[in-house]
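Asker: Residue numbers (the numbering used here), protein chains in the order written: chain A, 770 to 880; chain B, 50 to 159.
1. Measuring CB to CB, does residue 126 (chain B) end up less than 8 Å from residue 76 (chain B)?
2. Among all the DSSP beta bridges, which residues are the ones paired with residue 862 (chain A)?
3. List, in chain order, every chain B residue whose beta-carbon is nearer than 8 Å to that of residue 832 (chain A).
4. Please classify residue 878 (chain A) as buried or exposed, where buried requires at least 16 other C-beta atoms within 10 Å of its C-beta.
5. Specify the secondary structure class of residue 80 (chain B) as computed by DSSP and reduced to three states.
6. Please return the same chain residues whose Cβ sits closer than 7 Å to the Cβ of residue 864 (chain A), not counting the five positions on each side in sequence.
7. In the stretch 141-155 of chain B, which residues sit with their C-beta less than 9 Å from some C-beta in chain A, listed in chain order?
8. Can you tell me whether residue 153 (chain B) is buried or exposed? The criterion is at least 16 other CB atoms within 10 Å of its CB, across all chains shown.
9. What separation, rounded to the nearest whole angstrom, lies between the Cα atoms of residue 802 (chain A) and residue 817 (chain A)?
10. Roughly how many angstroms lie between the CA atoms of residue 819 (chain A) and residue 147 (chain B), to the nearest whole one?
11. Given 8 Å as the limit, is there contact between the stretch 68-82 of chain B and the stretch 132-143 of chain B, that is, 3 or more CB pairs closer than that?
12. Measure the Cβ-Cβ separation of residue 880 (chain A) and residue 777 (chain A) and say whether it is below 8 Å.
13. Quick one: does the C-beta of residue 851 (chain A) sit closer than 7 Å to a heavy atom of the ligand MG?
14. Between residue 862 (chain A) and residue 64 (chain B), what straight-line distance do the alpha-carbon atoms span, to the nearest angstrom?
15. Hey, residue 850 (chain A) and residue 785 (chain A): beta-carbon distance below 8 Å or not?
This is the structure:
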């Protein structure tokens, strides 16, 4: 089964500050990894996905970036946060049958 | 990834069967239909997956008509704890771009 670790769980950051959210997964090698964001009361927005080390596909132009320095590590970053970056960030990976498994999420509040 | 359309929200009474629909008119031959459930402050979790006709597991049934342009997730005898957002995804195995729609907020009323 897939195990996904995300940290930090909760983060309060001022506007203009940097961001780093980290995700690590256990289990199969070379997993497909994803970052999603969910604003309060809204649906899930796909931000980035990665099919391998150093391979990042961006879905939405924004001030966020993603990196995959290791096979089971996926990092979401920003150099300068905006108020609109607030939300619930979820890391995920795909398992058998292309089903998606999610981590516990990271709550980001930009103030 | 085929586009999906779901009602925004629906209410149901505790103990009733709930049927949640999803439209996917441009589903491709190799696409599967997968449903997820999301509780507040949690990531979605897999409920059921199917290709055609009917699939049943311990928590739900999935009905897919012959043309596969829609699907219905059926939850038997819902309880208050089934209040959640339900998403349907349509895509083929190996599709890397897994984007969710807006989902259907189901509220179970006592």
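Ideal placement from N, C-alpha and C gives every residue a C-beta, glycine not left out.
Answerer: Let me lay it out:
1. To locate residue 126 (chain B), count along the second chain from 1; it is residue 77. To locate residue 76 (chain B), count along the second chain from 1; it is residue 27. It is not a contact, given that the beta carbons lie outside the stated cut-off.
2. Walking along the first chain from the start, residue 862 (chain A) turns up at place 93. For residue 862 (chain A), which the question treats as bridged, DSSP gives the partners A:802 and A:870.
3. The sequence position of residue 832 (chain A) within the first chain is 63, counting from 1. Residues of chain B passing the Cβ test: none, with the nearest at roughly 20 Å.
4. As a first step, residue 878 (chain A) must be located in the first chain, where it is residue number 109. Residue 878 (chain A) comes out exposed.
5. In the second chain, counting from the first residue as 1, residue 80 (chain B) sits at position 31. Looking at residue 80 (chain B) - three-state DSSP - the assignment turns out to be strand.
6. Your numbering for residue 864 (chain A) matches position 95 in the first chain. If we look at residue 864 (chain A) and ignore the five residues flanking it on each side, its Cβ neighbours are 771 and 870.
7. 141, 142, 143, 144, 145, 146, 147, 148, 149, 150, 151 and 152
8. For this step, residue 153 (chain B) is matched to residue 104 along the second chain. Residue 153 (chain B) comes out buried.
9. As a first step, residue 802 (chain A) must be located in the first chain, where it is residue number 33. As a first step, residue 817 (chain A) must be located in the first chain, where it is residue number 48. Residue 802 (chain A) and residue 817 (chain A) have their C-alpha atoms some 8 Å from each other.
10. Along the first chain, read from residue 1 onward, the residue named residue 819 (chain A) stands at position 50. Along the second chain, read from residue 1 onward, the residue named residue 147 (chain B) stands at position 98. Each residue's alpha carbon lies about 11 Å from the other.
11. yes
12. For the purposes of this step, residue 880 (chain A) is identified with residue 111 of the first chain, where counting begins at 1. For the purposes of this step, residue 777 (chain A) is identified with residue 8 of the first chain, where counting begins at 1. Not a contact, by the Cβ cut-off of 8 Å.
13. Of ligands this structure carries none, so the ligand MG is not represented either.
14. As a working note, residue 862 (chain A) is residue 93 in the first chain. As a working note, residue 64 (chain B) is residue 15 in the second chain. Straight across, the Cα-Cα distance linking residue 862 (chain A) with residue 64 (chain B) is about 34 Å.
15. Working through the first chain from its first residue, we reach residue 850 (chain A) at position 81. Working through the first chain from its first residue, we reach residue 785 (chain A) at position 16. Yes.
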